[in-house]
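Using this note's numbering, the first residue of the sequence shown is number 8, and each one after it goes up by one.
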Amino acid sequence: MRGRITIALGGASIAALLMCSPALAQQGGIISWQDDLSPLANTDWNYDRAAHLLERAGFGGTPADIDLLASMSP
8 MRGRITIALG
18 GASIAALLMC
28 SPALAQQGGI
38 ISWQDDLSPL
48 ANTDWNYDRA
58 AHLLERAGFG
68 GTPADIDLLA
78 SMSP
């Protein structure tokens with residue numbers, strides 16, 4: 008009997024945890040850069056950020072495209 012109760016409580020705990028996880032994931036803390044529209048500094052602009060920008064824009068880019076964009080000022 009005690010084993011069945013333990014298994015039932017364990018199952019209920021796991022189910023509750025799984026149902027709460029998506030809700031907790033949606034709650035973000037205050038992000039310091041949220042609504043910050045100040046321009047990037049030249050030191051913050053690099054190949055990785057240029058590649059990320061092209062990917063987020065929806066069309067990506069070749070390594071040559073990324074190099075060209077990274078060479079521009081932000």
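Even for Gly, the Cβ is constructed at its ideal location relative to N, Cα and C.
The alpha-carbon separation between Ile-21 and Arg-63 amounts to approximately 36 Å.
Taking a C-beta distance under 8 Å as the contact criterion, Ala-77 and Asn-53 qualify as a contact pair. Taken through DSSP and simplified to helix, strand or coil, Ser-78 comes out as helix. Assignment of Ala-48 by DSSP, reduced to helix, strand and coil, places it in the coil class.
Taking each of Met-79, Ser-45 and Ala-57 in turn and checking the Cα distance to Thr-69, the smallest one comes out for Ala-57.
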